[in-house]
Every structure is written in structure tokens, then in C-alpha cells.
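Student:
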Amino acid sequence: MQWNADLALTHAAHHLKRCSTPNQLQSWYALLIKTNTAQDCFLINQYITACSNHRIIDSAVFAFSQIRNPNVFVYNALIGAFLTCFRPLQALRHYTLMLRNAVPPTSYTFPPVIKSCKLLQFTGVDQCLHAQVLRNGLGSHLHLLTTLVDFYSSLGMSAEARRVFDEMPERDALAWSTMISTHVRAGDFDSARRVFDEMPHKNTAALNTMIHGYAEIGDVNSAEALFYAMLERDVISWTTMINCYCKREMYLQALELFEEMKSTGTTPNNRRWRL
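When you line the sequence shown up against this note's numbering, it's residues 88 to 362, in that order.
(1) Comparing C-alpha positions only, which one of I323, A147 and E336 sits nearest to G167?
(2) Helix, strand or coil for D127? Go by DSSP, reduced to three states.
(3) Using CA coordinates, which residue listed in I131, T353, V322 and E285 is at the minimum distance from S152?
(4) Quick one: grab the DSSP three-state call for T296.
(5) E303 by DSSP, collapsed to three states: which one?
(6) So what's M348 in DSSP terms, helix, strand or just coil?
(7) Output yes or no for whether 8 Å exceeds the beta carbon distance between R174 and I144.
(8) Return the CA-CA distance between Q340 and E257, expressed in angstroms with no decimal places.
(9) Taking the straight line between their C-alpha atoms, what separation do you get for W360 and A302?
(10) When you compare only the Cα positions, how much space is there between A273 and N223?
(11) Return the Cβ separation of T210 and L242 in integer angstroms, given the expectation that the two are a contact with Cβ distance under 8 Å.
(12) With DSSP collapsed to three states, give me the class of E336.
(13) List the whole-angstrom C-beta distance separating G300 from A316, where the pair is believed to meet the contact cut-off of C-beta under 8 Å.
(14) Would you decide whether K289 is buried or exposed? Buried here means 16 or more other CB atoms lie within 10 Å of its CB.
(15) Determine the burial state of T108: buried for a count of at least 16 other Cβ atoms within 10 Å of its Cβ, exposed for fewer.
(16) Express the C-alpha separation of I267 and L313 in angstroms, rounding to a whole number.
(17) Below 8 Å between beta carbons: does that hold for V159 and T193?
(18) How long is the line joining the alpha carbons of A150 and V220, rounded to whole angstroms?
(19) Using the beta-carbon count (16 or more within 10 Å), is N163 buried or exposed?
(20) Which whole-angstrom value describes the C-beta separation of F252 and D213, a residue pair presumed to lie in contact below a C-beta threshold of 8 Å?
(21) Pull up the CB-CB distance for I298 and T327, whole angstroms please, since I reckon it's below 8 Å.
(22) Put F276 into one of helix, strand or coil per three-state DSSP.
(23) For R187, count the other beta carbons within 10 Å of its own beta carbon; 16 or more makes it buried, fewer makes it exposed. Which is it?
(24) Report back the beta-carbon spacing between A178 and P199 to the nearest angstrom; my notes put them in contact at under 8 Å.
(25) Taking buried to mean at least 16 other C-beta atoms within 10 Å of its own C-beta, is T136 buried or exposed?
(26) Does the beta-carbon of T234 have 16 or more other beta-carbons within 10 angstroms, so that it is buried, or is it exposed?
(27) Can you give me the C-alpha to C-alpha distance between T296 and L261, rounded to a whole angstrom?
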């Protein structure tokens with residue numbers, strides 16, 4: 088019997104994910120109510136996530152309000168949904184509600200909470216959030232620590248960002264790129280270059296950031312050297328190098344590179360050229 092029940096839940100979750108319209112989603116929620124499964128945290132987690140994808144946050148909030156004992160996965164889904172739907176203040180309110188109800192956060196709770204603080208430009212909460220991360224034993228989670236680095240960077244606290252980066256037990260390409268971007272954003276290009284040189288496997292994002300940094304300080308030769316040494320270039324690589332030329336009023340080189348970009352089949356984005 089338990090196997091059949093689990094199979095039914097999995098089947099329902101699968102269909103929730105496949106709903107292509109808000110009306111389909113709401114029909115499925117009505118079915119959950121009819122079958123007495125609207126209290127199942129697994130299904131409501133899936134439903135809230137689907138509502139987020141369709142940007143119908145009010146339906147997600149209603150479903151959440153009907154659950155008597157939402158678990159951390161349901162809270163995480165709703166907090167993330169608020170961020171996706173550009174309601175960062177509500178995300179923080181529900182994070183506070185989660186703590187008040189003694190639901191311990193996970194490593195997936197904090198990234199949308201931190202990003203909500205970043206969107207709201209909340210200052211003075213950085214140390215509090217960082218302490219909560221450590222207090223909950225989450226100080227070794229890479230994606231969470233990278234989010235903290237970016238948050239400190241957005242507050243102009245590059246020293247604190249570097250401290251988190253240095254204390255990471257391991258680092259992936261995103262962590263390295265985020266730290267490089269932090270130094271570039273702070274105008275500390277020497278530190279950015281040192282981190283870049285230490286990066287074991289330099290990806291496109293890190294190279295793009297360095298090219299942008301060289302453009303900011305007017306070092307066209309170094310930007311060119313990195314650009315032409317790239318094994319793979321995306322549209323950001325091309326546009327960053329073109330804008331580097333434009334900043335130095337090297338318009339002929341910018342136009343030539345633009346034509347070269349089109350010849351490779353790279354589609355220009357709608358970024359405005361700073362001519």
C-alpha cells in the first residue's frame with residue numbers, strides 16, 4: 088500500500104512539473120484538495136515551484152497558507168518563488184517566519200535570502216546572515232559561500248568577500264570568477280590579476296571579467312592578448328572586447344571585430360554599444 092501511495096505522489100509531482108499553463112496548475116491544485124493531498128509537503132513544494140515558473144505567486148502563497156506544518160523544503164520553495172517574482176521583502180518575511188517556527192534552514196535557504204538582501208540593498212545584515220550560515224553548520228557549502236562572496240562584493244566589502252573565498256574548503260569555476268569580479272568591481276586590478284593567475288582552470292567567464300578589467304584601466308594590449316588566446320568565446324567575450332576598443336576611441340578596430348564576430352555566427356545581443 089505504501090508503495091502505491093508513493094507512486095501516486097511521484098505521478099502527481101511529475102504532472103505538476105509538466106503543467107504548461109496557470110489554469111492547468113490550478114486544476115491540479117483543486118485535485119490535490121479533492122484527494123486530500125494538499126497537506127503533502129512534497130507535492131506542495133512541487134506546486135509552489137511550478138507557480139514560480141509561471142509567475143503566479145499569489146497561488147503559491149495561498150497553497151502555502153493552507154499547510155498546517157510546512158517543512159523546510161516548502162519554505163525554501165516559497166522564498167525562492169518570491170525572489171523569482173521580484174518580491175524580495177516577502178522572501179525575507181517568510182525566512183523570518185521560518186525561523187520563528189523553529190524550522191532549521193538548509194544550504195538552499197540562504198542563497199535566495201542573501202540575494203533578496205542584495206536587491207533591497209540592505210546593509211548591516213551581512214554579518215548576521217554569515218553567522219547564521221555558520222551556526223547551522225553550512226560553512227562548507229560551495230554554492231552558498233559563493234553567494235556570500237557576491238553579497239559582500241555588492242556591499243563594497245571586498246576584504247570580507249576575500250576572507251570567505253580564502254576560507255572555502257574547495258572552489259569551483261564560479262567561485263573563482265566571482266572573486267575576480269569582486270576585485271575588478273572594487274578597482275583592485277592587481278588583486279584580480281593575482282586571483283586570475285592562481286585559478287587552475289580559466290573559464291570563459293573569468294577571461295571575460297579580466298578583459299573587462301583591462302578595458303576599465305585602458306590596457307588594450309593586455310585585453311587583446313587574453314581575447315585572442317581564448318579557445319572559446321561567447322557573445323560577452325566579443326562585446327566586451329569591442330567596448331574596450333570603443334572606450335579608447337579605436338572605432339575602426341571595433342567595427343572590424345564586430346564584423347569578425349558576425350562571421351563566426353555569433354549573434355549580437357541588444358547591448359548598447361558605447362561609441
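In this text, a Cβ means the ideal position worked out from N, Cα and C, and glycines have one as well. Please read these numbers as outputs of a predicted model, since none were measured by experiment.
Tutor: Let's see:
(1) Here residue 167 refers to the residue found at position 80 when the sequence shown is read from its first residue. Checking every option, the nearest Cα to that of G167 belongs to A147.
(2) Residue numbering aside, residue 127 sits at position 40 when the sequence shown is read from its first letter. It is coil, neither helix nor strand.
(3) Position 65 of the sequence shown holds residue 152. It is I131 whose Cα lies nearest to the Cα of S152.
(4) Locating residue 296 in the sequence shown gives position 209, where the first residue counts as 1. T296 falls in the helix class under three-state DSSP.
(5) Translated into the one-based positions of the sequence shown, residue 303 becomes position 216. Correct three-state label for E303: helix.
(6) Counting from 1 along the sequence shown, the entry for residue 348 is found at position 261. Of the three classes helix, strand and coil, the one that applies to M348 here is helix, per DSSP.
(7) Position 87 of the sequence shown, counting from 1, holds the residue named residue 174. Position 57 of the sequence shown, counting from 1, holds the residue named residue 144. Their beta carbons are under 8 Å apart, which means R174 touches I144 by this criterion.
(8) By 1-based counting over the sequence shown, the position of residue 340 is 253. By 1-based counting over the sequence shown, the position of residue 257 is 170. Distance between the alpha carbons of Q340 and E257: 41 Å.
(9) Counting from 1 along the sequence shown, the entry for residue 360 is found at position 273. Counting from 1 along the sequence shown, the entry for residue 302 is found at position 215. Low confidence applies to W360: its pLDDT is 49, below 50, so where it sits in the model is not reliable, and the reading given next is rough at best. Taking the straight line from one Cα to the other gives about 14 Å.
(10) Counting from one through the sequence shown, the residue named residue 273 turns up at place 186. Counting from one through the sequence shown, the residue named residue 223 turns up at place 136. Going from the Cα of A273 to the Cα of N223 covers about 30 Å.
(11) For the purposes of this step, residue 210 is taken as residue 123 along the sequence shown, with counting starting at 1. For the purposes of this step, residue 242 is taken as residue 155 along the sequence shown, with counting starting at 1. Confirmed, Cβ separation roughly 6 Å.
(12) The residue labelled residue 336 in the question sits at position 249 within the sequence shown. E336 falls in the coil class under three-state DSSP.
(13) Taking the first residue of the sequence shown as position 1, residue 300 is located at position 213. Taking the first residue of the sequence shown as position 1, residue 316 is located at position 229. Contact doesn't hold; Cβ gap of about 15 Å is too wide.
(14) The residue given as residue 289 occupies position 202 in the sequence shown. The residue in question, K289, is buried, as its Cβ has 16 or more Cβ neighbours within 10 Å.
(15) For the purposes of this step, residue 108 is taken as residue 21 along the sequence shown, with counting starting at 1. The residue in question, T108, is exposed, as its Cβ has fewer than 16 Cβ neighbours within 10 Å.
(16) Locating residue 313 in the sequence shown gives position 226, counting from the first residue. Locating residue 267 in the sequence shown gives position 180, counting from the first residue. Between L313 and I267, the C-alpha separation is close to 15 Å.
(17) For this step, residue 159 is matched to residue 72 along the sequence shown. For this step, residue 193 is matched to residue 106 along the sequence shown. Yes, the Cβ-Cβ distance between V159 and T193 is below 8 Å.
(18) Counting from one through the sequence shown, the residue named residue 150 turns up at place 63. Counting from one through the sequence shown, the residue named residue 220 turns up at place 133. Roughly 28 Å separates the two Cα atoms.
(19) Translated into the one-based positions of the sequence shown, residue 163 becomes position 76. Looking at its Cβ environment, which holds 16 or more other Cβ atoms inside 10 Å, N163 is buried.
(20) Taking the first residue of the sequence shown as 1, we reach residue 252 at position 165. Taking the first residue of the sequence shown as 1, we reach residue 213 at position 126. Contact doesn't hold; Cβ gap of about 15 Å is too wide.
(21) As a working mapping, residue 298 is identified with position 211 in the sequence shown. As a working mapping, residue 327 is identified with position 240 in the sequence shown. The Cβ separation is near 5 Å, so the contact holds.
(22) As a working mapping, residue 276 is identified with position 189 in the sequence shown. Here F276 sits in helix by DSSP.
(23) Translated into the one-based positions of the sequence shown, residue 187 becomes position 100. R187 is exposed by the Cβ-count criterion.
(24) By 1-based counting over the sequence shown, the position of residue 178 is 91. By 1-based counting over the sequence shown, the position of residue 199 is 112. Sure, about 6 Å apart at Cβ, within 8 Å.
(25) Along the sequence shown, one-based indexing puts residue 136 at 49. Answer is buried; the Cβ neighbour count reaches 16.
(26) Position 147 of the sequence shown holds residue 234. Classification of T234: buried, given that the 10 Å Cβ count is 16 or more.
(27) Taking the sequence shown and counting its residues from 1, the one referred to as residue 296 is at position 209. Taking the sequence shown and counting its residues from 1, the one referred to as residue 261 is at position 174. C-alpha separation (whole angstroms): 12 Å.
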